[in-house]
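K.L.:
Structure in C-alpha cells, see below.
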Amino acid sequence: MAGPLGKDLLGLAPLSAEQIQLVLDTAVPFREISERAIKKVPTLRGATIVNLFFEASTRTRISFEFAEKRLSADTVNVASAGSSVSKGETLVDTARNLEAMKIDMVVIRHGGSGAAKFLAERIESNVVNAGDGTNEHPTQGLLDMLTLRDRFGDLRGKKICIVGDVLHSRVARSNIWGLTKLGADVAVCGPRSLLPNAIEAMGVTVFNRIEAAIEWADALNVLRLQLERMQAGYIPSLREYNRVFGVTSARLEKAPRDLLILHPGPMNRGVEIDSDVADGPHSVILDQVTNGVAVRMAVLYLLAGGKPELAEAAKKGVA
Ligand code: CP
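Using the numbering used here, the first residue of the sequence shown is number -3, and each one after it goes up by one.
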C-alpha cells in the first residue's frame, strides 16, 4: 500500500520539503502515546512488520520495535546471525520467503549502500531504510530535524554544523539532504581525510577548524568516529582527534551563543565529544532518542496509507 510518502522510505534525498514536514508534523501527536501508562493504540493492528537488521544497532532497532508495538503491529526480528543469511541465502531470497508468509513491511539495516533500494525494487512490501552502508539513515535525519524544530521552531536560516566523520556517515547525508530542503544553513567540520570529496556540491559550507564552526553555528550534530569502517590512516590517533576536533566544554565556553548539541549515538566519549558536553545543559541527545520512537511511528503510519489529518484521531485510537 502506498501513502503520502510513496511505497518506501529509502532516504531524504527523494523526499520533498512538504513530505519531510508532513512526517515531523505527524510525529508530534504520536509522541504523547509514549507518555501514557498504556502505550498502545490499534492503528496498525493486523499489520506484520519484519525488522531485518544485518548490522549492529541499539537505538534504531529498539526504537522501530517500540514504534511498531505501540501501533499494535505484529513484529518479527531477523538478524543475520541465526538466520539462513549466515548460510549464504541472498537478501532478496530472504525477503521473498518472508513475503510468502504474508508480511506488510520490512525495516532493513544493512552494511551495503543501496541495499534498501535494491530490496524495495524487488518486493511488494513497504521498505523502510534503517541505515544502509554510508548512504542514508532517513529516520535518524528526521528525528534530528524534529529535535532541532522543537528548540528552534522554523529551521529556515538556522546554522547547523555536522562535525566529525562525515565520510563514513549515512546520518550526515540524511541530515544534509533534509536540513537543506527545510531551508537551514548546513556546514560540515572535520579533518579533510574524513570529509567526502566535493562535499561542497551538496550545498554545505566546510570548516576545517572546530573553533570556526563553533563560532558560526546554532547547533552542532557531532558524529561518531566510525572506527569499524576505517582501515587505517584517517587520523593520527584518537587523542590527537580529540585535541584538534573534540567538542569540549572549554571550546563551547568561547562560543558567542549557547549551542544545541546533538549526537546520533553511539558516542565515543572523550573522542568526538567530552562527557561534560554530552551530559551538559545544552545536550539534546536523549531528546533525539525519545523523538526517534515518534518519528518512526509517523513513518510507519504514513507508509501504511495513514491520512495525515487523522494522526490526531489515530493517537486517540479511533482511526
Ligand atoms: N543512531 C543509530 O543509528 O544508532 P544505532 O546504531 O544504535 O541504531
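C-beta atoms are modelled at their ideal positions from N, C-alpha and C, and glycine is treated no differently.
Keep in mind that this is a model prediction, so the values were computed, not measured.
#1: Going by alpha carbons, who is nearest to G301 out of D100, G7, R247, W212?
#2: Could you spell out the range, first to last residue, of the beta strand (DSSP E) harbouring D128?
#3: S109: beta carbon under 7 Å from a heavy atom of the ligand CP?
#4: Around the Cβ of P262, are there at least 16 other Cβ atoms within 10 angstroms (buried) or fewer (exposed)?
#5: Within 10 angstroms of its Cβ, does D161 collect 16 or more other Cβ (buried), or is it exposed?
#6: Identify whether T244 lies in helix, strand or coil by the three-state DSSP scheme.
#7: Assess contact between the region 51 to 63 and the region 292 to 300, defined as three or more Cβ pairs (one per stretch) separated by less than 8 Å. Is contact present?
#8: Roughly how many angstroms separate the alpha carbons of G288 and D21, rounded to a whole number?
#9: Quick one: is the Cβ of T286 within less than 7 Å of any heavy atom of the ligand CP?
#10: Would you say the beta carbon of T56 is closer than 7 Å to some non-hydrogen atom of the ligand CP?
#11: Rounded to the nearest angstrom, how far is the Cβ of L357 from that of V46, given a contact under 8 Å?
#12: Does the region 6 to 17 come close enough to the region 173 to 183 that 3 or more CB-CB pairs lie under 8 Å?
#13: What I want to know is whether the C-beta of Q136 ends up closer than 7 Å to one or more non-hydrogen atoms of the ligand CP.
#14: Using C-beta distances below 8 Å, list every residue in its chain close to L298, excluding the 5 sequence neighbours before and after it, in chain order.
#15: On the DSSP bridge list, what partners appear for V102?
#16: Please identify the residue among A168, D181, Q136, T44 whose C-alpha is closest to the C-alpha of I156.
P.N.:
Let me lay it out:
#1: The shortest C-alpha to C-alpha distance from G301 to any of D100, G7, R247, W212 is the one to D100.
#2: 122 to 128
#3: Not so, every heavy atom of the ligand CP lies at least 7 Å from the Cβ.
#4: exposed
#5: buried
#6: coil
#7: yes
#8: 14 Å
#9: Flag unset: Cβ of T286 not near the ligand CP.
#10: yes
#11: In this structure the chain extends from -3 to 315, so residue 357 is not present and cannot be described.
#12: yes
#13: For Q136, the shortest C-beta to heavy atom distance toward the ligand CP is below 7 Å.
#14: The residues are G(-1), P0, L1, L18, V19, T22, P304.
#15: V46, V123
#16: I156 has its Cα closest to that of D181, out of A168, D181, Q136, T44.
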